[in-house]
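The opening position of the sequence shown corresponds to residue 2 in our numbering, with each subsequent residue numbered one higher. Don't be surprised by glycine CBs; every beta carbon is placed ideally from N, CA and C.
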Amino acid sequence: MTAAKKAGGRRGQMMHAYLCSPHTSSREPRRWICSILKRYGFEAYDPLEHGRVAVRIDKEACERNRGILKIDGVSISMRNLVPRPNLCAYLCGPMTGYPDSSYRDEMKRILEKHGYTYYDPQYMEQTIRSPSPCVRTRARRIIKRDETAIKKSDMLIGYFPVASDGSAMELLYTNFANVLTIAVLPETRKNVDLHLLKSDVILVGFRALDRLFADRRWLQRYGGRRIVNLDPREYDRAIRVIKRNEEMIRKSDLVVGYFPSPSIGASAELAYAHHIFIPTIAVIPHERKEISPFLFKADKTLWGIEQLENFLRNRKKIRALIDKYAATTA
2 MTAAKKAGGR RGQMMHAYLC SPHTSSREPR RWICSILKRY GFEAYDPLEH
52 GRVAVRIDKE ACERNRGILK IDGVSISMRN LVPRPNLCAY LCGPMTGYPD
102 SSYRDEMKRI LEKHGYTYYD PQYMEQTIRS PSPCVRTRAR RIIKRDETAI
152 KKSDMLIGYF PVASDGSAME LLYTNFANVL TIAVLPETRK NVDLHLLKSD
202 VILVGFRALD RLFADRRWLQ RYGGRRIVNL DPREYDRAIR VIKRNEEMIR
252 KSDLVVGYFP SPSIGASAEL AYAHHIFIPT IAVIPHERKE ISPFLFKADK
302 TLWGIEQLEN FLRNRKKIRA LIDKYAATTA
């Protein structure tokens, strides 16, 4: 029996798998995963083998433009957001493994100053610490609660001092939910993560957020306009890379995410695949102790590469996972 047939491939054909992982992850485990996928009938595509792309922040240009890196007024105008004084913001930012929550107090201070309300998920249960029989049920409950709050909000404000799985997935979900997204970067940040470029608004520092909200007519002022204060060549290249990777995901039969550490890009790609009904597997190394509940959006969450190999070895399970979505998208 061929490897493709072992995996339950379409009439014995080689199937396609997309591997997403943090750009800081080492090459060895990624190659190990690719070799396992190939052994069981999948042609693996690792985007990190095709180069990394970063969009640098020009500090001088940032100061000249009052901390505004991007405002996509065209997408803002499509959000159907009605300007009013008590708009509600969903607060988004790293929690798992990031002890400094003072940035949330600053976000709340700015929102209260300008008459906006907010929803802060910080005080709810947010961290999964170890595998247990009820861990998936608990994680799914957290995801459903937070996604319901996002849909009821007028905008999401995310602060990204470090990589965060949950924040990246919330940002992507917000885009799909047609809710306005504002990403705030620390003033010490030197570049912009690729998938943050999909935000409607990108600012550097909370002073820029304060100045934006100080203009009571900011929604009308920027509606229909597209402002990008980033290097046009780097920005265009980054957008092309995002579109290329999303196209590869759409063509894949399976998306496997390897998460030795938090990642904005890998988490966003896993969430994108889940949203368009591509089967997803999240692989988490045993040594990682604190995990965002949002990684349990994956259809299968496995602890260690060995569990991935055991799962792929069972052709009935992998076939059932792929057929589950094939029926949905048929």
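Let me know the secondary structure DSSP gives residue i once reduced to three states.
i           : result
residue 34  : helix
residue 144 : helix
residue 181 : strand
residue 15  : coil
residue 291 : coil
residue 77  : helix
residue 161 : coil
residue 67  : coil
residue 311 : helix
residue 199 : helix
residue 175 : helix
residue 218 : coil
Leaving out five residues before and five after residue i in sequence, what residues of the same chain have Cβ atoms less than 6 Å from its Cβ?
i           : result
residue 7   : No answer about residue 7 holds up, because its pLDDT of 42 lies below 50 and its placement is not dependable.
residue 193 : 56
residue 89  : 118, 154, 155
residue 19  : 46, 249, 250, 253, 256
To the nearest whole angstrom, what separates the beta carbons of residue i and residue j, a pair I think is in contact under 8 Å?
i           : j           : result
residue 184 : residue 167 : Going by Cβ atoms, the distance from residue 184 to residue 167 rounds to 14 Å, so no, they are not a contact pair.
residue 287 : residue 258 : Between residue 258 and residue 287 the Cβ distance is about 16 Å, and since that is not below 8 Å, they are no contact.
residue 211 : residue 111 : 5 Å
Enumerate in chain order the residues of its own chain whose CB-to-CB distance from residue i is below 7 Å, with the five nearest sequence positions on each side excluded.
i           : result
residue 176 : 182, 199
residue 100 : none
residue 229 : 71, 236
residue 54  : 195, 238, 239, 242
For residue i, collect the residues of the same chain with a Cβ closer than 8 Å to its Cβ; drop the 5 residues on either side in sequence, then sort them by chain order.
i           : result
residue 58  : 70, 186, 190, 191, 192, 193, 205, 231
residue 410 : Because the chain in this structure spans residues 2 to 331, residue 410 falls outside the shown range and cannot be described.
Going by Cα to Cα distance, which pick from the options is closest to residue i?
i           : options            : result
residue 294 : 115, 110, 118, 141 : 141
residue 84  : 96, 74, 29, 217    : 217
residue 244 : 39, 31, 48         : 48
residue 291 : 95, 138, 50, 325   : 95
Comparing the C-beta of residue i with each C-beta of chain B, is any distance below 7 Å?
i           : result
residue 321 : Absent from the structure: chain B. Only one protein chain is present.
Fill in: Cβ pair count under 8 Å reaching 3, the region 246 to 258 against the region 221 to 231
no
Worksheet item: Okay, do the region 187 to 202 and the region 50 to 65 touch, 3+ Cβ pairs below 8 Å being the bar?
Response: yes
Item to complete: Inspect the CB distances between the region 272 to 284 and the region 292 to 300 and report whether three or more fall short of 8 Å.
Response: yes
Worksheet item: Contact between the region 25 to 32 and the region 261 to 272: three or more CB pairs below 8 Å?
Response: yes
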